[in-house]
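Counting in my numbering, the sequence shown runs without a single skipped number right up to 1140 at its last residue. Virtual Cβ for every residue (Gly too), placed ideally from N, Cα, C.
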Amino acid sequence: MSGIAHLYSGVNRSHYQPRSHAEDIDPLDPQQRQGLIAVSCIAAVSLLATFSLLCFLTYRFIFWKKYHRRPLGHNHYVVLVYNLALADAQQCLGFMVSLRWLDKEAVHASDPFCFLQGVWLQIGDPMSGLFVLAIAIYTALRVMGDYHISHRLFVTVIVSLWVFGILLFIIPIAVLGRWAWLPAVAWCWIAPGQLALWVWTHYFWIFLTQFVTLLLYIALFMQIRRRIAECTNLGGRRNSLRNMHRVASYMVVYPIIYTILTVPLAAGRMASLAGHTPSMTYFCVSGTLMTLSGLCDTVLYTLARRQSVLDSERRGSSNLTSDLLGSAEGGLGNGYVGRTSRGGEVMVQSDFDEDIRY
783 MSGIAHLYSG VNRSHYQPRS HAEDIDPLDP QQRQGLIAVS CIAAVSLLAT FSLLCFLTYR
843 FIFWKKYHRR PLGHNHYVVL VYNLALADAQ QCLGFMVSLR WLDKEAVHAS DPFCFLQGVW
903 LQIGDPMSGL FVLAIAIYTA LRVMGDYHIS HRLFVTVIVS LWVFGILLFI IPIAVLGRWA
963 WLPAVAWCWI APGQLALWVW THYFWIFLTQ FVTLLLYIAL FMQIRRRIAE CTNLGGRRNS
1023 LRNMHRVASY MVVYPIIYTI LTVPLAAGRM ASLAGHTPSM TYFCVSGTLM TLSGLCDTVL
1083 YTLARRQSVL DSERRGSSNL TSDLLGSAEG GLGNGYVGRT SRGGEVMVQS DFDEDIRY
């Protein structure tokens, strides 16, 4: 591990002497060292998973003609997952900087990697949440509101989210300058004691995502169950409804994963502000959980996509699952949910009705 950390650092010990700072952690205590080893290992696994997903989707975006009749970039759900993976990857990179601290056996505020770690974590954490929220809103609009989002509006939203993410890390730098990111617990982040910056540039958006997505998915499941209950003459559409219920189940796992993995660290930070600082072990375990986000999101997308492909091959028709997951014979993200006149039966239509070759 030490050898890998030394390669990652890119700075020779004999030529680099960091300036001391009041917030420096030097040396790391045994708990911090063990915690950083766990965080770094999980971050490496998550980064490998998200990088693999990004490579796969990038390949499909570029060579879409081999597999689709329309550009895969028009599949809004796939684009949202791609951006979620980008945010997860930045979070993983941020935690992997901990290899530097293991190699140096200290965390120095003057180290350029401290600044880099702060930026990556400041972007990755809230942006992961915002794209989870975007997936929740997108799913709710499609299933509950029968609303089709134009591609131009969709692109505008994606760009706006990333611009907002850039502002989230620029604001602390504008307020605090060079020392915006300082050692905190066992890694670098916003300088300790900066309550307003902690809340409004980071944790507010994490808690907002958790709250809104849970509300949306509760309403989503109630809507789906109500539609299924209202259908008196399902006939051959029963499988379509079941499939819609299944894809909604996959969608609800995203906020559940995000909430479970981010609440511990966020709660620990808030407790610290209230004067009840949790133990070092608590923070290290919480950080390890947070780094699992990329791996869990990748596994979820892989499982959901595979299930959609198999179901679609058996049915040979378009449905909401293929539209949302972008992997079946249905559309490429421009479909919408509609109701027929037969007893409120739910039917799913798509602007792109095409075969996708695997």
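- Annotation for Ile972: no alpha helix (DSSP H) segment contains it, though the beta strand (DSSP E) segment containing it runs 969-972.
- Using a 10 angstroms sphere on the CB of Gly1076, the tally of other CB atoms reaches 16 or more, which defines it as buried.
- Secondary structure at Pro894: helix, using DSSP grouped into helix, strand and coil.
- According to the DSSP secondary-structure assignment, Leu1043 is paired through a beta bridge with no residue.
- Here Trp902 is not near Leu884, since their CB atoms are 9 Å or more apart.
- By the neighbour-count criterion, in which 16 or more other beta carbons inside 10 Å mark a residue as buried, Leu1047 falls on the buried side.
- DSSP places Ala871 in the helix class (H, G or I) of the three-state scheme.
- Pro1060 sits in coil when the DSSP states are folded into three classes, being neither helix nor strand.
- DSSP, reduced to helix, strand and coil, places Ala966 within a strand of the structure shown.
- The Cβ atoms of Leu990 and Ile953 do not sit closer than 9 Å to each other.
- Taking 9 Å as the cut-off, the beta carbon of Pro965 is found no closer than this to the beta carbon of Val1067.
- Checking the DSSP bridge columns, you'll see Ile807 partnered with Val889.
- Separation of Tyr859 and Arg1009 (C-alpha to C-alpha, rounded to the nearest whole angstrom) is 23 Å.
- The three-state reading of DSSP puts Ile1038 in helix, counting H, G and I together.
- Annotation: Tyr985 is outside any alpha helix (DSSP H) and is labelled neither H nor E by DSSP.
- Scanning its chain for C-beta atoms nearer than 7 Å, with the 5 sequence neighbours on each side dropped, one finds around Val1035 the residues Leu1082, in chain order.
- By the neighbour-count definition (other C-beta atoms within 10 Å, threshold 16), Gly906 is a buried residue.
- DSSP, read as helix, strand or coil, puts Met1072 in helix.
- For Gln976, the three-state secondary structure derived from DSSP is coil.
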